[in-house]
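Structure record follows, encoded as structure tokens.
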Amino acid sequence: MTKKQDPATDPDALPPEEAKLLDDDAPTQPSPYTTEDES
Amino acid sequence: MSTLPAAPRTRAEQFQFLRDAHDGPNVWHGQCLRLTHEAPGIPAGVPTALAAAIMVPQADRVHQVHNFRRGMSLFYDDPADDNPFAHVGTVAGWFTKQPTGNLHDVALWSSDILRDGGVDLVRADLITTAWGDPYLYASRSLNGYALPGYHQDTTKPLTIGQNLDAAIDAVRRALRFHRAKGHPLRAAALAADLAELKQTRAKYPNP
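Order-wise, the sequence lines are chains B and X.
For the record, in the first sequence the residue sitting at position 17 is 16 according to numbering that gives the first Met the number 0, with numbers rising by one throughout.
For the record, in the second sequence the residue sitting at position 93 is 92 according to numbering that gives the first Met the number 0, with numbers rising by one throughout.
This is the structure in structure tokens:
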């Protein structure tokens with residue numbers, strides 16, 4: 000019989016206060032980490 | 000676990016920093032590496048996320064998505080493009096109850112992806128779909144420090160013999176380096192140190 004993991008103490012679990020921040024529909028920004036040829 | 004020194008902050012402090020950055024002003028434009036190393040209190044080390052990725056020891060690299068864990072750094076780069084910077088964010092955990100092996104289910108704190116200069120929590124595959132950069136690997140360390148929760152305690156005191164052996168090994172490697180580089184003064188000084196260390200070591204029985 001395996002011990003049930005308490006979600007509150009699972010080190011990999013996403014805390015509720017962070018999970019609610021996810022917004023799949025938000026528009027993305029152009030990457031500032033790419034070089035752009037403006038010529 | 001990483002054998003590197005521990006990051007100054009705890010994992011709780013690391014993520015509080017990221018949540019505060021999310022609620023704060025949009026000042027992180029082009030600062031993905033700075034955000035990622037400042038959250039756990041790790042000093043600056045290298046100028047770009049790509050350099051930070053390269054210097055991660057092989058033992059601290061995590062290649063399989065199902066092994067990604069909260070607190071790790073996650074690097075992205077497309078080696079085929081001309082982007083010299085790469086990108087890095089912080090793994091927040093899983094949106095699913097168990098790791099799935101799907102990057103879409105990994106939560107990532109990232110700068111710039113939703114708001115220019117802002118910090119947001121997104122699905123980790125958004126970096127790839129929006130910017131075209133696949134992930135390289137996650138890591139348990141950054142800039143030469145173990146990330147919070149990934150420090151392996153290696154502070155077990157060494158014996159005198161073990162300490163001397165380690166010193167001899169380091170001096171021997173440095174001596175080879177300076178001989179190869181043509182630095183006669185340094186090589187002579189190191190050779191003297193090495194001889195002295197060997198004499199001292201001979202006085203102690205193993206280990």
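Backbone N, C-alpha and C define an ideal beta-carbon position, used for all residues, glycine too.
Since the structure is predicted, the reported quantities are computational estimates derived from the model, not experimental observations.
Nearest-angstrom beta carbon gap, residue j and residue i [assumed within contact, 8 angstroms]
{"i": "Tyr-75 (chain X)", "j": "His-86 (chain X)", "result": "4 angstroms"}
{"i": "Ala-145 (chain X)", "j": "Ala-6 (chain X)", "result": "6 angstroms"}
{"i": "Tyr-207 (chain X)", "j": "Leu-163 (chain X)", "result": "Summary: the structure shown does not reach residue 207 (chain X), with chain X confined to residues 0 through 206, and so no result is reported for it."}
{"i": "Gln-28 (chain B)", "j": "Leu-113 (chain X)", "result": "7 angstroms"}
{"i": "Asn-142 (chain X)", "j": "Ile-53 (chain X)", "result": "Between Ile-53 (chain X) and Asn-142 (chain X) the Cβ distance is about 12 angstroms, and since that is not below 8 angstroms, they are no contact."}
{"i": "Ala-150 (chain X)", "j": "Gly-100 (chain X)", "result": "In the sequence as displayed, the identity of residue 150 (chain X) is His instead of Ala. That pair is no contact at about 26 angstroms."}
{"i": "Arg-10 (chain X)", "j": "Pro-147 (chain X)", "result": "4 angstroms"}
{"i": "Leu-73 (chain X)", "j": "Ala-48 (chain X)", "result": "So it is not a contact: roughly 10 angstroms between Cβ atoms."}
{"i": "Gly-117 (chain X)", "j": "Leu-13 (chain B)", "result": "Gly-117 (chain X) to Leu-13 (chain B), Cβ: 19 angstroms. No contact."}
{"i": "Leu-196 (chain X)", "j": "Ala-166 (chain X)", "result": "6 angstroms"}
Within-8 angstroms CB hit, residue i to chain X
{"i": "Pro-31 (chain B)", "result": "yes"}
{"i": "Glu-37 (chain B)", "result": "In this predicted model, Glu-37 (chain B) has a pLDDT of only 38, less than 50, meaning its place in the structure is not dependable; the value taken from the coordinates is given anyway. Cβ-Cβ to chain X under 8 angstroms: no for Glu-37 (chain B)."}
Under 8 angstroms between C-beta atoms of residue i and residue j
{"i": "His-103 (chain X)", "j": "Leu-20 (chain B)", "result": "no"}
{"i": "Gly-29 (chain X)", "j": "Tyr-32 (chain B)", "result": "yes"}
{"i": "Leu-17 (chain X)", "j": "Thr-89 (chain X)", "result": "yes"}
{"i": "Ser-1 (chain X)", "j": "Met-71 (chain X)", "result": "no"}
{"i": "Leu-193 (chain X)", "j": "Arg-171 (chain X)", "result": "yes"}
{"i": "Leu-125 (chain X)", "j": "Ala-106 (chain X)", "result": "no"}
{"i": "Pro-39 (chain X)", "j": "Asp-77 (chain X)", "result": "no"}
{"i": "Ser-30 (chain B)", "j": "Asp-80 (chain X)", "result": "no"}
Residue i - containing beta strand (DSSP E), residue span
{"i": "Thr-89 (chain X)", "result": "86-93"}
{"i": "Arg-18 (chain X)", "result": "That residue, Arg-18 (chain X), is in no beta strand (DSSP E); its alpha helix (DSSP H) goes 10-22."}
{"i": "Arg-33 (chain X)", "result": "Arg-33 (chain X) -> not in any beta strand (DSSP E); alpha helix (DSSP H) instead, spanning 31-37."}
{"i": "Ala-18 (chain B)", "result": "No beta strand (DSSP E) contains Ala-18 (chain B), which is instead part of the alpha helix (DSSP H) from 15-18."}
{"i": "Ser-30 (chain B)", "result": "Here Ser-30 (chain B) belongs to no beta strand (DSSP E), and DSSP marks it neither H nor E."}
{"i": "Tyr-149 (chain X)", "result": "Run containing Tyr-149 (chain X): none; DSSP gives neither H nor E here."}
8 angstroms Cβ cutoff, residue i in contact with chain B
{"i": "Leu-120 (chain X)", "result": "yes"}
{"i": "Arg-139 (chain X)", "result": "no"}
{"i": "Asp-59 (chain X)", "result": "no"}
{"i": "Arg-8 (chain X)", "result": "no"}
{"i": "Ile-112 (chain X)", "result": "yes"}
{"i": "His-150 (chain X)", "result": "no"}
{"i": "Gly-29 (chain X)", "result": "yes"}
{"i": "His-62 (chain X)", "result": "no"}
{"i": "His-36 (chain X)", "result": "no"}
{"i": "Phe-176 (chain X)", "result": "no"}
{"i": "His-65 (chain X)", "result": "no"}
{"i": "Phe-74 (chain X)", "result": "no"}
{"i": "His-86 (chain X)", "result": "yes"}
{"i": "His-21 (chain X)", "result": "yes"}
Span of the alpha helix (DSSP H) around residue i
{"i": "Ala-129 (chain X)", "result": "125-130"}
{"i": "Ala-106 (chain X)", "result": "Careful: Ala-106 (chain X) lies outside any alpha helix (DSSP H), inside the beta strand (DSSP E) at 105-110."}
{"i": "Ala-48 (chain X)", "result": "48-53"}
Local conformation of residue i per DSSP, three classes
{"i": "Phe-74 (chain X)", "result": "strand"}
{"i": "Pro-6 (chain B)", "result": "Residue placement at Pro-6 (chain B) is poorly supported in this model, since its pLDDT is 45, which falls under 50; the coordinates still yield a value, given next. In the structure shown, Pro-6 (chain B) sits in a helix (DSSP, three-state: H, G or I)."}
{"i": "Val-170 (chain X)", "result": "helix"}
{"i": "Asp-211 (chain X)", "result": "Summary: the structure shown does not reach residue 211 (chain X), with chain X confined to residues 0 through 206, and so no result is reported for it."}
{"i": "Ala-25 (chain B)", "result": "coil"}
{"i": "Arg-178 (chain X)", "result": "helix"}
{"i": "His-62 (chain X)", "result": "coil"}
{"i": "Leu-102 (chain X)", "result": "helix"}
{"i": "Arg-122 (chain X)", "result": "strand"}
{"i": "Leu-163 (chain X)", "result": "helix"}
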